[in-house]
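Everything on this sheet refers to the single structure shown next.
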Amino acid sequence: MKKISVKICTGTACYVMGGCDFLELPSALSESLLTKVEIAGTNCLGLCKEVDRPEELKYPPFVMINEKVYSPSSLGHLIELVTEEVKLNE
Amino acid sequence: MSKTINNAIRLKREILLQTIDVFLQDKPFEKLEEIPYRIIPDGADSYRCCIHKDRAVIRSRILSVLGYGFEDIDKGPVFLAEYAKGIEKRKNFSDEVVTVIGDACSSCVETGYSVTEACRGCLARPCVSSCPVDAISFIDGKSVIDKSLCINCGKCAGVCPFSAIINKKAPCTLSCPADAIVKTNKGLAEIDRSKCINCGQCIVSCPFAAVVEKSQVVDLILSMKRGVPINVLVAPSHRGQFPGSSAQLYKALGLLGFKNVVEISEAAEECAKEESMEFLEKKDSQPFMTTSCCPAWVSFANKHLPTIVDKISHTASPMAIAADRLKKSDPYSLIAFIGPCTAKKNEAREIGSVDFVLSFEEVAMLLVSKGIDVLDLEIPDQENLHRDGTKFAFSGGVTSAVEKFIDKDDLVAFKPIQIDGLNKKNKALLKAASMNKNAGNFYEIMACAGGCVAGPGTICPPEAAVRKINNEK
Ligand code: FES
């Protein structure tokens, strides 16, 4: 099965708005989930500079899960999103 | 207690960013008034009772970014632009670094004395007779405390034969190592300045982010705009707080407008060397010595454990050493210090050579506001890293840096003790030491558990910061 790609934005805006917390994701995920995802940091996704962002992407930090961008409010929230995506993929 | 990203912190940073935007991008001060409406637009869900209260809290937060505390604000209508204009007239910063946002605070859990199920409704009713303000009555055969009258003196709890009256504490009160926070009968946290050591633990612990520090960031921006040259000292604990390498960060700080960027770890190394010599000198004449680099600890000793003060090392802190040197080489520039620490603001005032103290959080928002992306910056050559100095950033690091400067032969006499955070147990150890019941002869003391990497002005989890410090070549 193809792994779920999780790209954590580490551009300055995202990193300092909480993205650095998300970099702890590998140690926060369960072993079994960890084998199903591919986690990487990425340079600025460009979203922080977009003026008209939809309401749900109002604030950084941003994370891209399989090409879709999210703005998780906490590490717990990100784990939820990843878990959901993995389930969908199965 | 470490802070991880949550809604309260995000909101706080967003307000900080938008406030900084106004000054950095030369917008008229009136634009400040728009921030609460932008963050909580009409029709938005409210965090508290209504969006008007939310907006009022945001206004108070903006005022704290402008450097005003709860106690500096007039009652009645508040015009943010007026306060913004007042910044230029500010002569010096107040010693009262930590302040409470009243509107945000009163939303906290009900605290103070209350009667539990254990109340037997006894005949003697000592609670009633002990209460100096007649706040206790009996309803349905049980003791009830009238919150509007209660002054939280705790007499009733002391006399109850069933220990049925308990004192519920707020997170801030619990976290404060100096017992400096009391909740008034209106549920508001009040800081007792005679006890407060400005360590900022309350800032970290408050789930409503109702405790804040009075910022100096706008003062700095305005000075820069006036063309005042400002050098910047960067605390060793900056690693892990920003994306990219240290060298990239220094370049980013240059782009922000700082004249020279000075990494403090070199001064920290010197501090370790001097402290090791001081230790060797004193080890036979005094029972123990404590470190001096944590200003919250020094303040704690002065206010709460005066008998230990003469055991604190006389070696100046890395910040003081670095600032002193910088002042000598470039006397006409101002100096800013950036770090994770609230108590450094007090130290800066005391030593006099540091003009601004900013947190990593504040500097990060300056970078975002200016659109500087640290990761994108190209750096020519490798920086010169002072490995032992960088260790000052976490607990145990100072000890190991000092240890390196002690000769093998003397090392047997070196008995370090780590005081990692001013919790109950550690405070008891220090108290014992102050009465010459010391467990070792070199006390490394950090007010924040984990050390500076866990300070209130940090951005990232301490584990990430420690990892980055250990990995950086
Ligand atoms: S920093 Fe993440 S989108 Fe720009």
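Here the protein sequences line up with chains A and B, keeping their order. Heads up: the first sequence begins at 3 in our numbering, then just goes up one per residue. Heads up: the second sequence begins at 43 in our numbering, then just goes up one per residue. In this text, a Cβ means the ideal position worked out from N, Cα and C, and glycines have one as well.
By the neighbour-count criterion, in which 16 or more other beta carbons inside 10 Å mark a residue as buried, His-280 (chain B) falls on the buried side. Put simply, the stretch 190-203 of chain B touches the stretch 164-177 of chain B. At least three CB pairs are less than 8 Å apart. Taking 6 Å as the cut-off, one finds at least one heavy atom of the ligand FES near enough to the beta carbon of Gly-13 (chain A). Within the stretch 97-148 of chain B, the complete alpha helix (DSSP H) segments at least 4 residues long are 122-128, 144-147, listed from N- to C-terminus.
Here the alpha carbon of Ala-212 (chain B) sits roughly 41 Å from the alpha carbon of Glu-40 (chain A).
If you keep only unbroken alpha helix (DSSP H) runs of at least 4 residues inside the stretch 327-384 of chain B, you get 337-346, 360-371. For Ile-6 (chain A), the enclosing beta strand (DSSP E) starts and ends at 6-11. Assignment of Ala-474 (chain B) by DSSP, reduced to helix, strand and coil, places it in the helix class.
For Gln-460 (chain B), the uninterrupted beta strand (DSSP E) run begins and ends at 458-462, by DSSP. Chain A places no beta carbon closer than 7 Å to that of Leu-298 (chain B), leaving this residue out of the contacts. Closer than 6 Å to some heavy atom of the ligand FES: that does not describe the Cβ of Cys-22 (chain A). By the Cβ-count criterion, Val-454 (chain B) is exposed, with fewer than 16 other Cβ atoms from all chains shown falling within 10 Å of its own Cβ. Non-local C-beta neighbours of Ile-393 (chain B) in its own chain, meaning closer than 6 Å and more than five positions away in sequence, comprise Ala-362, ordered along the chain. Here Met-66 (chain A) is bridged, per DSSP, to A:Lys-9, A:Val-71.
Burial of Glu-403 (chain B) is indicated by the presence of at least 16 other C-beta atoms within 10 angstroms of its C-beta.
Every alpha helix (DSSP H) stretch that sits fully inside the stretch 7-65 of chain A and reaches 4 residues is listed by chain position as 27-30, 33-36. Rounded to the nearest angstrom, the gap between the Cα atoms of Leu-59 (chain A) and Glu-420 (chain B) is 29 Å. For Ile-501 (chain B), no beta strand (DSSP E) segment is defined, and its DSSP state is neither H nor E. For the stretch 251-272 of chain B, the beta-carbon criterion of a distance under 8 Å to any beta-carbon of chain A is satisfied by none of its residues. Residue B:Ile-350 holds the alpha-carbon nearest to the alpha-carbon of Ala-474 (chain B) among B:Ser-375, B:Ala-435, B:Ile-350. Within the stretch 187-219 of chain B, the runs of alpha helix (DSSP H) that reach at least 4 residues and sit entirely inside it are, in chain order, 197-201, 213-217. Using a CB distance cut-off of 7 Å, Val-65 (chain A) does not count as an interface residue toward chain B. Counting only Cβ-Cβ distances below 8 Å, Glu-26 (chain A) has contacts in chain B at Pro-503, Glu-505, Ala-506, in chain order.
Contact annotation: Asn-227 (chain B) and Cys-195 (chain B) have beta-carbon atoms that are not nearer than 7 Å.
In this structure, Cys-494 (chain B) and Pro-382 (chain B) form a Cβ contact; the two beta carbons are roughly 5 Å apart against a cut-off of 8 Å.
Between Gly-269 (chain B) and the set B:Gly-242, B:Lys-256, B:Phe-300, the nearest pair of CA atoms involves B:Phe-300. In the three-state scheme derived from DSSP, where H, G and I count as helix and E and B as strand, Ile-93 (chain B) is classed as helix.
Proximity of Pro-213 (chain B) to chain A, defined by a Cβ-Cβ separation below 7 Å, is not satisfied. Proximity of the stretch 281-297 of chain B to the stretch 339-357 of chain B falls short of the contact definition, fewer than three beta-carbon pairs being nearer than 8 Å. Inclusion of Cys-241 (chain B) and Ala-338 (chain B) in the CB contact set at 7 Å is warranted, their separation being smaller than that value. Residue-level contact check: Tyr-72 (chain A) does not touch chain B, since none of the beta carbons of chain B fall below 7 Å from its beta carbon. Taken in chain order, the whole alpha helix (DSSP H) runs of length 4 or more contained in the stretch 258-338 of chain B are 259-267, 288-298, 307-324.
Among the bridge pairs identified by DSSP, Glu-486 (chain B) is matched with B:Gln-460. Val-410 (chain B) reaches chain A at Thr-14, Ala-15, Val-18, Met-19, Cys-50, Pro-62, counting residues in chain order whose Cβ is nearer than 9 Å. Between Val-246 (chain B) and Pro-503 (chain B), the CB-CB gap reaches or exceeds 7 Å. In the three-state DSSP reduction, Lys-225 (chain B) falls in the strand class (E or B).
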